[in-house]
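Position in the sequence shown (first residue = 1) + 5 = this note's numbering. Glycine included, each C-beta is placed from N, C-alpha and C at the ideal position. All values derive from a computational prediction rather than experimental measurement.
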Amino acid sequence: MNKEEMASYLGKQTNNEKGFAFRLNVFFLATFLIFTVLIVRLAYLQLVQGPTMQKEEASIATKSVSIAPIRGTIFDSTGENKIAYSSSTQSLYMSLDKNYSLEENKAELESIISELKAVLDEYGDPETTMTEQEIEDALDITYRQNYGYTPRRIKTDLTNEEIAYFLSHKEDFPGVEVVEENIRHYDKDTVAVQTVGYMKPFRSVIDPEYGIEFYIQAKEEEDPALQYLDNEEVGYDGVELMFQEELRGTKGLKTFPVDSQNRISGESTLTSPDKGNNVWLSINKDVQLATEQAIMDQLEYLRTTSNSAVNAPNAKTGFAVAMEVDTGQIVAMASMPDYDSNVWSEGSKTQDEINQISPFSSNGAIREVYQSYGSQEESYKHPSSTVLLGSVIKPLSVLIGLNEGLFTTSTVYNDTGAGKFGKKGYETTVRNSSSHVYGLIDPASAIEHSSNAFMVEMVANKLFDKYNTGGVEVWDSYMKQFGLGVSTESGLPGEQDGLREYIHEQESTGTQSALAYASFGQQGKYTTLQLAQYTAMLANEGKRLKPQIASKITDEDGNVVKEFGAEILNTVDMDDAYWDEIKQGMNSSVQGFENFPYDYARKTGTSQQSVGGAEVENGVFITFAPRDNPKLAIAVVIPEGKYGSNSAAPVARKIYDAYDQYIGLDGTPKGENGVTTDSEE
């Protein structure tokens with residue numbers, strides 16, 4: 006090979022090597038790019054979609070069932086009495102797959118009911134048998150209480166035999182399942198049932214129109230640990246709702262592996278639910294029961310007594326609140342008659358059952374409640390639980406007059422039996438009860454004798470002269486400072502502010518008329534709790550205390566999580582002589598306090614009210630004791646009870662006796678030797 010051929014050959018060889026190197030570089034570059042894409046994709050899957058994929062994988066590989074938390078216990082103030090507590094039980098539920106209210110499905114419905122009854126009769130507790138009608142009512146085929154898709158609870162507290170049968174015969178009962186759940190129990194003695202409240206399934210309290218806002222918002226909770234189960238029982242009223250978050254506890258979780266056919270393929274793992282905290286009420290069970298019984302006994306007496314001056318045939322309801330003067334703790338709160346709140350744990354209720362319960366399930370001591378008189382039309386012919394407060398306003402009327410400089414503690418007024426207000430020549434006359442003439446009286450005597458004339462001419466007229474049309478605004482300011490017309494801030498759900506009717510009276514009739522009628526208690530309707538808070542404020546001379554329903558919260562081990570002490574909402578500063586004057590005047594003559602071992606301040610009220618075209622008289626009574634070192638304030642309201650001195654006062658005496666026996670008005674419990682007395686004449 007000559008030089009030229011050699012050079013040509015080497016040139017071709019070089020070109021081939023360059024081509025090979027180029028192709029090799031392209032190959033490496035392509036490989037690099039492919040691996041880069043794979044690495045980026047892998048990183049994306051791992052870092053970005055990893056958590057989601059893990060959840061998806063877990064959902065495919067395992068199934069989880071949430072377990073409702075174990076609700077905390079509600080104790081009375083002593084901690085010795087469980088007012089509400091939970092226990093685990095097995096319940097029978099059924100989901101409806103069609104509309105059984107239709108005629109075409111009636112035969113199938115009857116067959117289902119018959120088969121269920123046969124099993125329940127054979128394997129169930131003979132003491133808890135169900136009729137076919139009760140089973141049909143529980144199924145709620147007309148959707149009165151449940152949505153169509155909502156499982157119906159047929160029976161609770163199944164026996165082991167019932168559980169075993171239904172679990173082994175699932176194919177015979179489509180839609181039927183056995184569910185483990187916690188059942189809420191309430192003290193059989195029915196202790197402050199409306200104040201304590203009751204439970205309902207979560208699914209029934211989240212309706213956008215009729216549900217409870219707290220639960221409607223909770224429905225949007227994204228944290229699985231905080232989400233509610235549809236069939237989880239939640240607080241619906243009273244303390245059960247007020248302390249829902251504290252009582253609820255933490256959900257548990259039961260997780261088990263499944264195969265591709267969604268069948269359990271191994272052992273399950275259990276994360277046990279945590280029990281909720283315990284709430285200790287300020288209410289003392291013994292004092293509470295004595296309060297409830299005192300009201301019921303007094304109502305019976307008022308309706309049946311042959312004494313025409315006392316007989317009150319329509320006295321069917323009564324309300325009382327006992328509040329400690331220095332702590333604000335509510336020792337008793339009664340709305341009577343009441344009912345057994347355990348009925349809510351017995352499954353679905355028919356509309357008739359709900360109608361029977363509803364007049365007693367709401368707390369008339371904190372909101373307006375109407376008693377059942379057979380029909381709604383008849384009920385509206387009778388006053389609700391919030392009545393005109395009557396003469397119990399007079400200590401405050403006198404305080405306003407003194408504080409505004411309208412008169413002094415030594416001012417003397419000539420009571421001629423009537424007072425007048427209005428434009429000269431067109432005056433309106435307001436008379437004392439039975440047109441009594443009291444002659445020369447000072448402010449304390451005006452309270453003691455309950456002089457309407459004094460309140461109209463010395464308070465209302467003079468307040469109008471001082472402020473003219475601004476007088477109602479001044480009056481309203483005092484009312485609110487003493488807790489009348491504003492929330493007591495107790496925290497109890499559904500508490501109402503009362504009705505300040507003097508505002509409407511001013512708009513319709515005029516300022517002077519509004520002030521005149523307000524001055525002796527005919528222009529304001531307030532709850533019994535508001536009256537108790539107001540009374541405590543008279544007793545402690547100007548400190549408006551928050552009513553404390555609970556004394557403390559403890560965990561499962563008894564450790565104190567939170568304590569509730571005295572909380573002052575606002576104060577009213579007045580001269581000591583003014584407080585002394587009204588306390589001296591709170592000295593009315595009342596029934597039922599014979600041989601009472603303490604000096605006590607009191608004011609009776611008999612409010613006249615037009616209801617359904619007729620005039621009715623309501624009994625109202627406020628009191629605190631001992632007078633000079635007050636411990637307990639009490640307010641009692643008996644709608645249509647007539648005179649407060651005869652109807653409401655005897656109830657307060659029995660509350661005092663119970664408090665003195667179990668707690669002590671002087672700080673020392675008297676035990677079984679405490680003084681008692683018969684309230685009847």
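**Best match in TYR98, ALA465, ASN360 for proximity to GLU409 [C-alpha to C-alpha]** = ALA465
**Neighbour-count burial assignment, LYS175, 16 or more Cβ in a 10 Å radius** = Flag for LYS175 reads exposed.
**Asked** Closest to TRP480 by CA distance: which of TYR443, ALA451, GLY529 is it?
**Response** GLY529
**Message:** If I measure Cβ to Cβ from ASP130 and keep anything under 7 Å in the same chain, skipping five residues before and after, which residues do I get?
**Reply:** THR164
**Message:** Could you check whether GLN517 and PHE426 sit closer than 8 Å to each other, using their CB atoms as the reference points?
**Reply:** yes
**Asked** What is the residue span of the alpha helix (DSSP H) that PRO364 lies within?
**Response** 356–366
**Item:** Cross-strand partners of ASN283 (DSSP beta bridge)
**Value:** THR559
**Message:** Quick check for students: name the residue ranges of the alpha helix (DSSP H) that lie wholly in the stretch 178–242, counting only runs of 4 or more.
**Reply:** 198–201, 218–223
**Prompt:** According to DSSP, what are the bridge partners of MET341?
**Reply:** GLY323
**Item:** THR609, buried or exposed, once every other Cβ within 10 Å from all chains shown has been counted against 16
**Value:** Buried, by the Cβ-count rule.
**Request:** Please name the residue, chosen from LEU404, HIS387, ASP502, PRO552, that lies closest to GLY618 on a Cα-to-Cα basis.
**Result:** For GLY618, the nearest C-alpha among the options comes from HIS387.
**Request:** Enumerate, from N- to C-terminal direction, the unbroken beta strand (DSSP E) stretches of 3 or more residues contained entirely within the stretch 542–617.
**Result:** 548–550, 555–559, 565–568, 573–576, 606–616
**Asked** Assuming ALA640 contacts THR493 under a Cβ cut-off of 8 Å, what Cβ separation, rounded to an integer in Å, is found between them?
**Response** Not really, about 11 Å apart at Cβ, beyond 8 Å.
**Asked** Identify the residues that DSSP records as bridge partners of ASP420: which are they?
**Response** GLY444
**Given ALA663 as reference, the closest of LEU445, VAL184, VAL625, ILE288 once Cα atoms are compared** = ILE288
**Prompt:** What residues are listed by DSSP as bridge partners for ILE639?
**Reply:** ALA327, THR628
**Request:** Check the DSSP bridge columns for LEU172 and list the partner residues they point to.
**Result:** In DSSP, LEU172 forms no bridge with anything.
**Message:** Beta-carbon within less than 6 Å of LYS467's beta-carbon, same chain only, minus the 5 sequence neighbours each way: which residues are those?
**Reply:** Once the five neighbours on either side are set aside, the close Cβ partners of LYS467 are LEU411.
**Request:** Report yes or no: do three or more beta-carbon pairs, one from the stretch 425–439 and one from the stretch 558–565, lie closer than 8 Å?
**Result:** The stretch 425–439 vs the stretch 558–565: no contact.
**Request:** Leaving aside the five residues before and after LEU246 along the sequence, list all residues of the same chain whose C-beta is less than 6 Å from its C-beta, in chain order.
**Result:** By the criterion of a C-beta distance shorter than 6 Å, LEU246 is surrounded in its chain by GLY202, GLY240, PRO498, once the five residues flanking it on both sides are discounted.
**Request:** May I ask you to report which of helix, strand or coil DSSP gives MET135?
**Result:** coil
**Prompt:** Taking all protein chains shown into account, do 16 or more other C-beta atoms lie within 10 angstroms of the C-beta of THR134, making it buried, or fewer, making it exposed?
**Reply:** Residue environment analysis places THR134 among the exposed positions, since fewer than 16 neighbouring C-beta atoms fall within 10 angstroms of its C-beta.
**Message:** Within the continuous beta strand (DSSP E) that includes LEU411, where are the two ends?
**Reply:** Taken as a continuous stretch (DSSP letters only), LEU411 belongs to no beta strand (DSSP E), as it is neither H nor E.
**Message:** Among GLY180, SER440, SER456, whose alpha-carbon lies nearest the alpha-carbon of ASP447?
**Reply:** SER456
**Item:** Where LYS386 sits in the DSSP three-state scheme
**Value:** Here LYS386 sits in coil by DSSP.
**Message:** Rounding to the nearest angstrom, what Cα-Cα distance links VAL477 and ILE335 in this structure?
**Reply:** 32 Å
**Beta-carbon proximity check, ARG549 vs GLY488, cutoff 8 Å** = Yes, Cβ-Cβ distance for ARG549 and GLY488 is below 8 Å.
**Asked** Closest by CA to SER615, which one among GLN527, ARG632, SER396?
**Response** GLN527
**Item:** Residues near SER438 in its chain [Cβ-Cβ closer than 8 Å; skip 5 each side]
**Value:** SER455, ASN457, THR611
**DSSP state of GLY257 mapped onto helix, strand, coil** = strand
**Message:** Ignoring anything shorter than 4 residues, give me the alpha helix (DSSP H) runs that lie fully in the stretch 425–501, in order along the chain.
**Reply:** 448–453, 466–472, 476–486
**Request:** Could you name the residues of the same chain whose beta carbon sits closer than 7 Å to that of MET463, not counting the 5 residues immediately before and after it, in chain order?
**Result:** If the five residues before and after MET463 are omitted, its C-beta is found closer than 7 Å to the C-beta atoms of GLY406, LEU411, PHE412, TYR418, all from its own chain and listed in chain order.
**Prompt:** For the putative contact between ASN236 and PRO206, defined by C-beta atoms under 8 Å, what is the C-beta separation to the nearest angstrom?
**Reply:** Rounded to the nearest angstrom, the Cβ distance from ASN236 to PRO206 is 5 Å, consistent with a contact under 8 Å.
**Message:** Is it buried or exposed, ASN312, if we count other Cβ atoms within 10 angstroms and call 16 or more buried?
**Reply:** By the 10 Å Cβ count, ASN312 comes out exposed.
**Item:** Reduced DSSP category for SER92 - H, G, I as helix; E, B as strand; rest coil
**Value:** strand
**Prompt:** Counting pairs of Cβ atoms below 8 Å between the stretch 178–198 and the stretch 288–303, do you hit three or more?
**Reply:** Output reads yes: the stretch 288–303 touches the stretch 178–198.
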